[in-house]
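To keep things clear, I will list the structure first and then write my remarks on it.
There are 2 protein chains.
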Amino acid sequence: MEVKYLSIYNDIMDSIENKIIKPGEKLPSENELMQKYDVSRDTVRKALDLLEGNGYIHKIKGKGSFVLDIAKLDFPITGIITFKELSEKMGVSSKTIVHELDLIKPDKFLVKKLELSKEDLIWRVIRAREIDDKRIILDKDYFNNRYVPSLTKKVCESSIYEYLERDLGLTIGFAKKEITVQQVSNEDKEYLDLEDYNMVVVVKSYTYLDDMSLFQYTESRHRPDKFRFIDFARRK
Amino acid sequence: MEVKYLSIYNDIMDSIENKIIKPGEKLPSENELMQKYDVSRDTVRKALDLLEGNGYIHKIKGKGSFVLDIAKLDFPITGIITFKELSEKMGVSSKTIVHELDLIKPDKFLVKKLELSKEDLIWRVIRAREIDDKRIILDKDYFNNRYVPSLTKKVCESSIYEYLERDLGLTIGFAKKEITVQQVSNEDKEYLDLEDYNMVVVVKSYTYLDDMSLFQYTESRHRPDKFRFIDFARRK
DNA sequence: CAGTGGTCTAGACCACAAA
DNA sequence: TTGTGGTCTAGACCACTGG
Chain A
1 MEVKYLSIYN
11 DIMDSIENKI
21 IKPGEKLPSE
31 NELMQKYDVS
41 RDTVRKALDL
51 LEGNGYIHKI
61 KGKGSFVLDI
71 AKLDFPITGI
81 ITFKELSEKM
91 GVSSKTIVHE
101 LDLIKPDKFL
111 VKKLELSKED
121 LIWRVIRARE
131 IDDKRIILDK
141 DYFNNRYVPS
151 LTKKVCESSI
161 YEYLERDLGL
171 TIGFAKKEIT
181 VQQVSNEDKE
191 YLDLEDYNMV
201 VVVKSYTYLD
211 DMSLFQYTES
221 RHRPDKFRFI
231 DFARRK
Chain B
1 MEVKYLSIYN
11 DIMDSIENKI
21 IKPGEKLPSE
31 NELMQKYDVS
41 RDTVRKALDL
51 LEGNGYIHKI
61 KGKGSFVLDI
71 AKLDFPITGI
81 ITFKELSEKM
91 GVSSKTIVHE
101 LDLIKPDKFL
111 VKKLELSKED
121 LIWRVIRARE
131 IDDKRIILDK
141 DYFNNRYVPS
151 LTKKVCESSI
161 YEYLERDLGL
171 TIGFAKKEIT
181 VQQVSNEDKE
191 YLDLEDYNMV
201 VVVKSYTYLD
211 DMSLFQYTES
221 RHRPDKFRFI
231 DFARRK
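Keeping their order, the protein sequence lines are chains A and B.
All residue numbers for the first sequence refer to UniProt numbering, where the first residue is 1 and numbers rise by one.
All residue numbers for the second sequence refer to UniProt numbering, where the first residue is 1 and numbers rise by one.
If you want it as structure tokens, here you go:
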């Protein structure tokens, strides 16, 4: 809370999520917000720009800033969010089953994906995600050993990202994700409750640290009926 | 180019896309850019923030701004982009076949989707999109008649958005999109070259004008092997 | 230490919307 | 005409990086 515009952002975001300001209603003007928070207009505007970028409000010149109702009510893969954060947010029972956890010599495929040099080793983690007693998601994670020296079954069962950020002090910078649909593999059949589905939704992620080093490649394979992706877009 | 930070944004973006500044290289510092463009630091920063948000660069405190190579090289559905813009950008031969174009009284489903009142009529447009001689995408568009008074087959065959923005003077504000996977419908079978695929990727879009009025609902149904979605995300 | 990006301020002028 | 958000300026102090 030391950064002013972030605390203003959070304050207004809470008001919106708790329906203190309702969808369609107008926020106080930038002038009024300056007085309310006792900051300069630029600081208010930074907070409002963040809210607008994340789909909470829409600003109209000459009119004001208005609350939208199409924000974070849905399944969010937009942004970088972990399975644990997600299941907690959605409030559903969930379980993680670790099938593989080992430090391996990468094959050509991984050398290319993770831009590795010859000496690098990588952690391979294969986990099935269970929601409402159905195995719905198969996560195949690959971490560069250079940035992740050790990894335990316990960590993999809760949240790897929490471990990386809190214990290892790594800072995630950005990620590129790609969504496609593929035929099911034998691995999918073995680890997932696929019923009669013969295709899976595959989300490939390349995750970079704050210093721009690529440290993770992930393939997240979803049963198609349980996959949903929400995007909020603005016209450039 | 009347807005300074936008022209700086475009100038640097061009340098990146034309590889005048290569991936991994450092941009001039904000101080140097101030001098180069003869603007204040805040104006430089606005341009750089835009570049960062769109995945062109990454800024590191104390170090500088660095060019990424993971930007707009791929199939972009992120952002609001039309089929025409897309096929032109990808440089592939494409064709649009208009199957239906009529002004109808909405059913309950549409009344709800488009938040209509009793008197509203809507334009229904059903189009198949052909890429490399295969009918790959089925677009079902619904426009509120209040904002789109007339619509012709000719317009539907080229670009509806171009018509809306240039001829009708409408300004698109933002859109919410949802991606799911569904079983194929009879309509899909009739209008698409599905081969043996029994599922389609469905992209539902709700598009709003700049004054926040909802004017369009679209279902875009894609053959799964031809669907690809790229997302660039930053850790909040 | 000097250079970098991150935050914040106070003030200015503009374009747009509503009364 | 008044109030709104959009752009731009000039200056300040901070935290972080690297030599």
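For each residue, glycine too, the CB sits at the ideal point set by N, CA and C.
In this text, all values refer to a predicted model and were calculated from it rather than measured experimentally.
Consult DSSP for Val-111/B and reduce its assignment to one of helix, strand or coil.
-> helix
Can you tell me which of Gly-55/A, Lys-153/A and Tyr-206/A puts its alpha carbon nearest to the alpha carbon of Glu-100/A?
-> Lys-153/A
State yes or no: is the C-beta of Ser-29/B within less than 7 Å of the C-beta of Ile-21/B?
-> no
Residue ranges of each beta strand (DSSP E) within the stretch 119-174 of chain B, 3 or longer | 122-131 and 134-144
Determine, using beta carbons only, whether Thr-180/A comes closer than 7 Å to chain B.
-> yes
Would Phe-174/A be called buried (16 or more neighbouring beta carbons within 10 Å of its own) or exposed?
-> buried
Is any beta-carbon of chain A found at less than 7 Å from that of Met-212/B?
-> yes
Kindly list, in the order they appear in chain A, the residues whose Cβ is closer than 8 Å to that of Val-201/B.
-> Val-181
From which residue to which residue does the beta strand (DSSP E) around Arg-234/B run?
-> 229-234
Beta carbon proximity, Phe-109/B to chain A, threshold 7 Å | no
Interface residues of chain B facing Ile-16/A [CB-CB closer than 8 Å] = What Ile-16/A touches in chain B: nothing, since even the nearest Cβ is about 15 Å away.
Neighbour flag for Phe-174/B against chain A, beta carbons, 7 Å = yes
Nearest-angstrom beta carbon gap, Gln-182/B and Val-202/B [assumed within contact, 8 Å] | 5 Å
Do you know whose CA, among Thr-180/A, Ser-213/A and Lys-59/A, lies nearest Leu-27/A's CA?
-> Lys-59/A
Under 9 Å by beta carbon: chain A residues contacting Lys-177/B | Phe-229, Ile-230, Asp-231, Phe-232 and Ala-233
Give the residues of chain A in contact with Phe-143/B, contact being defined as C-beta atoms less than 8 Å apart.
-> Those within 8 Å of Phe-143/B in chain A number zero; the least Cβ separation is about 16 Å.
Report yes or no: is there a C-beta of chain A within less than 7 Å of the C-beta of Arg-28/B?
-> The question names Arg, but residue 28/B is Pro in the sequence shown. Not closer than 7 Å to any Cβ of chain A, the Cβ of Pro-28/B fails to qualify, so no.
Below 8 Å on the Cβ atoms is my guess for Arg-221/B versus Leu-138/B; work out the distance and round it to an integer in Å.
-> 4 Å
What is the residue span of the beta strand (DSSP E) that Arg-223/A lies within?
-> Neither: Arg-223/A is in no beta strand (DSSP E) and is coded neither H nor E.
Ordered along the chain, which non-local residues of its own chain (more than five positions away) have a Cβ less than 8 Å from that of Glu-165/B?
-> Thr-171 and Ile-172
Hey, Leu-121/B and Asn-145/B: beta-carbon distance below 7 Å or not?
-> yes
Roughly how many whole angstroms lie between the Cα atoms of Ser-65/B and Gly-53/B?
-> 13 Å
Thinking C-alpha only, which one of Asn-186/A, Trp-123/A and Asp-133/A is nearest Cys-156/A?
-> Trp-123/A
Rounded C-alpha distance that separates Glu-187/A from Lys-226/B = 23 Å
Using 7 Å as the limit for Cβ to Cβ distance, is Pro-23/B near chain A?
-> no
Kindly list the residues whose CB is nearer than 6 Å to the CB of Lys-176/B, restricted to its own chain and excluding five residues on each side of it in sequence; keep chain order.
-> Tyr-206
Relative to chain B, which residues along the stretch 213-226 of chain A have a C-beta separation below 8 Å, given in chain order?
-> Pro-224 and Asp-225
Helix, strand or coil at Gln-183/A according to DSSP, with G and I counted as helix | strand
Nearest to Ile-179/A by CA position, among Phe-229/A, Val-67/A and Glu-130/A, is which residue?
-> Phe-229/A
Nearest candidate by alpha-carbon position, reference Ser-94/A, set Asp-133/A, Glu-115/A, Leu-116/A and Ile-126/A | Asp-133/A
Cβ-based neighbour list, Asp-210/B, same chain, cut-off 6 Å, excluding 5 preceding and 5 following = Thr-171 and Gly-173
Chain A partners of Ile-60/B, CB-CB under 8 Å?
-> Asp-210, Asp-211 and Met-212
Sequence-distant residues of the same chain with beta carbon closer than 7 Å to Met-13/A, five excluded per side | Leu-51 and Tyr-56
Ile-8/A lies in the alpha helix (DSSP H); which residues open and close that run?
-> 4-17
Asp-49/A to Val-184/B span [Cα, whole Å] | 41 Å
Enclosing beta strand (DSSP E) for Glu-100/B [first to last residue] | 94-104
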